[in-house]
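Engineer: Residue numbers (my numbering), protein chains in the order written: chain P, 4 to 117; chain B, 2 to 113.
Glycine is no exception: its CB is placed at the ideal position from the N, C-alpha and C atoms.
Keep in mind the model is a prediction, meaning the values are calculated, not measured.
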Amino acid sequence: DVKVTQSSRYLVKRTGEKVFLECVQDMDHENMFWYRQDPGLGLRLIYFSYDVKMKEKGDIPEGYSVSREKKERFSLILESASTNQTSMYLCASSFGQGGSYEQYFGPGTRLTVT
Amino acid sequence: GENVEQHPSTLSVQEGDSAVIKCTYSDSASNYFPWYKQELGKGPQLIIDIRSNVGEKKDQRIAVTLNKTAKHFSLHITETQPEDSAVYFCAAGMEYGNKLVFGAGTILRVKS
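1) For B:Ile63, which option in B:Ser113, B:Ile22, B:Thr107 has the closest C-alpha, if you only look at C-alpha atoms?
2) On the three-state DSSP scale, how would you describe B:Pro35?
3) Let me confirm a value: B:Tyr37 is counted as buried when at least 16 other C-beta atoms fall within 10 Å, else exposed. Which label applies?
4) Locate the beta strand (DSSP E) running through B:Ala20, then write down its first and last residues.
5) So does P:Glu82 have its beta carbon nearer than 7 Å to some heavy atom of the ligand NAP?
6) With a threshold of 7 Å on Cβ separation, who are the neighbours of B:His8 within its own chain once the five nearest residues in sequence on each side are excluded?
7) When you compare each of P:Ala84, P:Lys74, P:Ser96 to P:Asp54 by their alpha carbons, which one comes out closest?
8) Beta-carbon of P:Asn34 versus every beta-carbon of chain B: anything under 8 Å?
9) Which whole-angstrom value is the C-beta distance of B:Lys100 and P:Phe51, which I expect to be below 8 Å?
10) With B:Tyr89 as the anchor, note down where its beta strand (DSSP E) starts and where it stops.
11) Looking only at DSSP bridge pairs, what is P:Ala95 linked to?
12) Assuming B:Val111 contacts B:Thr81 under a Cβ cut-off of 8 Å, what Cβ separation, rounded to an integer in Å, is found between them?
13) Hey, would you say B:Tyr33 sits closer than 8 Å to P:Tyr104, going by beta carbons?
14) List the residues of chain B that P:Tyr53 touches, going by C-beta distances under 7 Å, in chain order.
Encoded structure:
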C-alpha cells in the first residue's frame with residue numbers, strides 16, 4: 004500500500020515563528036503536492052514538485068516556500084507564521100507522466116498559529 | 002485558470018436512498034475528473050474518476066457522469082449506507098498534467 008506520512012498531526016506555533024511541515028512517501032512517486040484545506044474552500048494547491056529540486060507554484064503560494072532535496076521527502080516552510088495560516092495542511096503524491104494520476108494523501112497536519 | 006463549483010455543500014439522506022453531488026468546471030481543456038472521499042481524521046482517497054472520452058463510469062454503488070458540452074459532472078451513490086458518510090470532493094485537471102483544482106466539498110450524512 005502507498006503510504007504518505009506527515010511529521011505531525013497537530014501543531015501549535017506563535018506568530019512570526021518559522022514552521023516546517025514534513026512529508027514522506029514510500030512509493031517512489033515523482034510528484035508531490037502541498038494543499039491547505041479550509042471549510043467551504045475545499046483543497047487549495049500551495050506548491051507542487053515533479054522532481055527532486057523542482058517546484059512550481061500552485062494557486063496560493065504567498066507566505067510559503069518548499070524544499071525537495073530527496074525524492075521521497077517534500078517540506079513546506081512557513082517563513083514567518085501568521086494567524087491566517089491556521090489551517091489543515093495536506094500532503095499528497097502521485098506517479099509521474101505515464102503512470103496513474105491518482106493522488107495519495109497523508110492524514111494532514113492541523114496547524115494553529117496564535 | 003480552472004474553477005470548480007460543487008453543490009450541495011451538505012446533503013442528508015436516509016439509509017438506502019440515493020445521493021447525487023454535482024460539479025461544474027470552467028476550463029474546456031480539462032479532461033480528467035476524479036472524485037475523492039475524506040473520512041473523519043483521514044486524508045482524501047480516490048473513489049472513482051472519469052476521462053473526457055467517456056460519458057459515464059460505474060463501480061458497484063458509485064457512478065459518475067460527465068457532460069462535456071455543459072461542463073458538468075456528477076457523482077451518484079445508490080443504496081447509501083452509514084459508512085458512506087464523509088466529505089466528498091470533485092476535481093478537474095488535465096490528464097497529462099499534474100495539477101488538480103478541487104471543489105469546495107460536500108458533507109454527506111447517511112441517517113440510519
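Structural biologist: Reading it off the structure:
1) B:Ile22
2) strand
3) buried
4) 20 to 26
5) The ligand NAP is absent from the structure shown, which contains no ligand whatsoever.
6) Lys23
7) P:Lys74
8) yes
9) 7 Å
10) 87 to 94
11) P:Phe36, P:Phe108
12) 5 Å
13) yes
14) Asn99
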